[in-house]
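Peer 1:
Chains as they are written, first to last, in our numbering: chain U, 177 to 498; chain V, 175 to 432.
1) With distances taken Cα to Cα, identify the nearest neighbour of residue 205 of chain U among U:271, U:456, U:266 and U:423.
2) DSSP on residue 339 of chain U, reduced to helix/strand/coil?
3) Which residue spans inside the stretch 192-251 of chain V form an unbroken alpha helix (DSSP H) run of at least 4?
4) Hey, does residue 189 of chain V have any beta-carbon neighbour from chain U nearer than 7 Å?
5) So which of U:377, U:415 and U:319 has the shortest CA-CA distance to residue 393 of chain U?
6) Tell me the DSSP secondary structure of residue 206 of chain U in three-state form.
7) Suppose the cutoff is 7 Å on Cβ atoms and the five residues either side in sequence are ignored; what does the same chain contact list for residue 281 of chain V look like?
8) For the stretch 192-240 of chain U, which segments carrying the beta strand (DSSP E) assignment without a break, of at least 3 residues, lie completely within its bounds, in sequence order?
9) Distance, Cα to Cα, residue 482 of chain U vs residue 449 of chain U?
10) Specify, as a first and last residue, the run of the beta strand (DSSP E) that residue 306 of chain U falls within.
11) Out of U:399, U:263, U:224 and U:423, which one is the CA nearest neighbour of residue 346 of chain U?
12) Could you give the residue range of the beta strand (DSSP E) that holds residue 327 of chain U?
13) Scan the stretch 325-407 of chain V and note each continuous alpha helix (DSSP H) run of 4 residues or more that stays entirely inside, going in chain order.
14) Applying the criterion that 16 or more other CB atoms from any shown protein chain within 10 Å of the CB defines a buried residue, is residue 410 of chain V buried or exposed?
15) Could you name the residues of chain U that residue 194 of chain V contacts, counting a contact when the two beta carbons are closer than 9 Å?
16) Rounded to whole angstroms, what's the CA-CA distance from residue 334 of chain V to residue 432 of chain V? Just pull it up for me.
17) Quick one: any contact between the stretch 359-367 of chain V and the stretch 318-329 of chain V, if contact means 3 or more CB pairs under 8 Å?
18) At which residue ranges does the stretch 409-487 of chain U contain complete beta strand (DSSP E) runs of 3 or more residues, listed in the order of the chain?
19) Compute the beta-carbon to beta-carbon distance between residue 262 of chain V and residue 378 of chain V, rounded to the nearest angstrom, for a pair I have assumed lies under 8 Å.
20) So, does the CB of residue 369 of chain U fall closer than 7 Å to a CB anywhere in chain V?
21) For residue 200 of chain U, which of U:337, U:487 and U:282 has the nearest alpha-carbon?
22) Anyone know if the C-beta pair for residue 306 of chain V and residue 211 of chain V falls short of 7 Å?
23) From residue 347 of chain V to residue 454 of chain U, what does the alpha carbon distance come to, in whole angstroms?
24) Would DSSP call residue 413 of chain V helix, strand or coil?
25) If you draw a straight line from the alpha carbon of residue 179 of chain U to that of residue 322 of chain U, how long is it in whole angstroms?
26) Checking the sheet assignment: what are the DSSP bridge partners for residue 429 of chain V?
27) Interface residues of chain A around residue 402 of chain V at Cβ under 8 Å?
28) Would you grab the beta carbon distance between residue 255 of chain U and residue 231 of chain U for me? Rounded to a whole angstrom, and I think it's under 8 Å.
29) Measuring only between beta-carbons, confirm whether residue 352 of chain V sits less than 7 Å from chain U.
30) Bridge partners of residue 349 of chain U, per DSSP?
31) So the candidates are U:253, U:220 and U:251; which of them puts its Cα closest to the Cα of residue 238 of chain U?
32) CA-CA distance, residue 499 of chain U and residue 340 of chain U?
33) Let me make sure I understand the geometry here. Which of U:190, U:302, U:183 and U:186 has the alpha-carbon closest to that of residue 368 of chain U?
34) Taking C-beta pairs closer than 7 Å, name the residues in chain U that residue 346 of chain V reaches, listed in chain order.
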């Protein structure tokens, strides 16, 4: 048995569809007979990619200009649903905009939304979503019982993206209704921060620093090591909260989920909050002076030692190798 | 300027979490102020100071009339609190929580509502935007910088690539990321003063919310199972003798990373 229709909230950087969208399309194909993408932007720019991953249609709002996606896309979705176009299930990625749209939509259609899921399944007639809790040591499975549309937020890297061999998706206009006061917030400027090297959630190697670094200036070691390994620098919540590095560096429950080939944790004790975001890494190396640190329980190689002594030597050795 | 700040009182994250027999999170011990919320409280205090007047009102939902976390935020300088505590809220989901908080916020005068981006225990991350929709207000999530001037809130909103500058007329709802400001430690004077600050405790009925529409009765979801996740095994653990970095080099060479 399959659902008759699944929507996937699609996101893109320019005309490059985000990986999380492609991951969800693969899952949606497994669950539904018909898969459609909903896109807050120009549908023609993404129709080929979305189609190749199994979307038969892309319902697109057209360029949103200075509007925020939260109210605009949820408003457009709610109108379509009211008009009788309701899907059985809508999948959103756990992203900045994905959460906004899902949350606003849940109020508009008065249905619950389940967050942070790593799996979605159809059991009988019901949608059951899986959420890791307590640092990913346990999985809570929750059944939605409020009827359609079922709304589920999915964590990135939960599914493997896979092409379906389909042709370009048909583009259909999705109109944004008058948003009233909810649409009053406007984007007046966009700033792209210069980033060298791979993105945190796409890097093959991630080097993260935590409180054990001692002070903000020592984060430079993390960046240097990441650069030497052609990887991305990450951080624990503790040092993001302390203002040492921006939120965009945060790995964990409240930050990014990463699954690199190699994850190197420097001065990170391994709070459950952090582990849930990185325990899916293929290989984990940890350096921490506390032999009891929980991070060692999931590390393939654990060095009980002072990051200020181990890391500079490691950097020197890697530099010497060229 | 008056600011309502949503704060959550959570089990101490330093303690291992546990589930009740009904698989909800155990919250019957002492609860503390979610550290994520201390940033919103601090930001609100600073914005009210800068505006030259007004007050900060805390809005919270918690079991067993819990006020420990609220007292911490009152000690930081918030003027008063509204607490919704009702047995009918057992099993409440994110949407229920947003409905309760939105109704409670309406009991106070506000120009701005501040929240964290998500709580540290439930971490659904949908409540701020749901509150905005319920109050029919504009919102900006993931603020890493906030300024208010002439009835407009200007926010730097975190994005994947950097940040967007977003402007919204007041009233509005803004969720702040951790690290946006440095939360103050309550002073002794603040702690003493907090003891006598008003906490208005209300029930669902006071908010005009039907108990059958929220909590287990109305959440629209049920937990079917809690399973153990696949465990990762610990590998080699070595004590640094000054040469342990060689182990890392060899490990990386073996993986052909270098």
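Positions of the beta carbon are idealized from the N, C-alpha and C atoms, including for glycine. As the structure is a prediction and not an experimental result, all values here were calculated from the model.
Peer 2: Working from what's here:
1) When each option's Cα is compared against that of residue 205 of chain U, the closest is U:266.
2) Look at residue 339 of chain U here: in three-state DSSP terms it is coil, with no helix or strand label.
3) The DSSP assignment places complete alpha helix (DSSP H) segments of no fewer than 4 residues inside the stretch 192-251 of chain V at 209-225 and 242-250, in order along the chain.
4) Judged by the 7 Å Cβ criterion, residue 189 of chain V is not in contact with chain U.
5) Nearest of U:377, U:415 and U:319 to residue 393 of chain U, Cα basis: U:415.
6) In the structure shown, residue 206 of chain U sits in a helix (DSSP, three-state: H, G or I).
7) Residues 256 of the same chain have their beta carbon placed closer than 7 Å to that of residue 281 of chain V, with the five preceding and five following residues left out of the count.
8) Taking only runs of at least 3 residues, the beta strand (DSSP E) segments lying wholly in the stretch 192-240 of chain U are 208-215 and 233-236.
9) For residue 482 of chain U and residue 449 of chain U, the distance between alpha carbons rounds to 23 Å.
10) Counting along the chain, the beta strand (DSSP E) containing residue 306 of chain U begins and ends at 302-309.
11) When only C-alpha atoms are compared, the closest one is U:224.
12) Segment 326-330, the beta strand (DSSP E) holding residue 327 of chain U.
13) Whole alpha helix (DSSP H) segments, 4+ residues: 362-368 and 389-392.
14) Only exposed fits residue 410 of chain V, as fewer than 16 other CB atoms lie within 10 angstroms of its CB.
15) Here the premise fails: no neighbours, minimum Cβ distance about 12 Å.
16) Roughly 29 Å separates the two Cα atoms.
17) Segments in contact, no.
18) If only complete runs of 3 or more residues are kept, the stretch 409-487 of chain U shows the beta strand (DSSP E) at 438-442, 459-464 and 477-480, in order along the chain.
19) About 5 Å; that satisfies the 8 Å criterion.
20) Chain V has a Cβ within less than 7 Å of the Cβ of residue 369 of chain U.
21) With respect to the C-alpha of residue 200 of chain U, the residue from U:337, U:487 and U:282 having the closest C-alpha is U:337.
22) The Cβ-Cβ distance between residue 306 of chain V and residue 211 of chain V does not fall below 7 Å.
23) Those two C-alpha atoms are separated by around 31 Å.
24) Residue 413 of chain V falls in the strand class under three-state DSSP.
25) Looking at the two C-alpha atoms, the distance is approximately 16 Å.
26) Residue 429 of chain V is not bridged to any residue.
27) Judged by its chain identifiers, the structure shown contains no chain A, and its protein chains are U and V.
28) About 20 Å; that fails the 8 Å criterion.
29) For residue 352 of chain V, the nearest beta carbon of chain U is closer than 7 Å to its own beta carbon.
30) In the DSSP output, where bridge partners are listed per residue, residue 349 of chain U has U:236.
31) Restricting attention to U:253, U:220 and U:251, the CA atom closest to the CA of residue 238 of chain U is found in U:220.
32) Any property of residue 499 of chain U remains undetermined from this structure, which presents chain U solely from 177 to 498.
33) Cα-wise, what sits closest to residue 368 of chain U is U:190.
34) Neighbours of residue 346 of chain V on chain U, chain order: 361.
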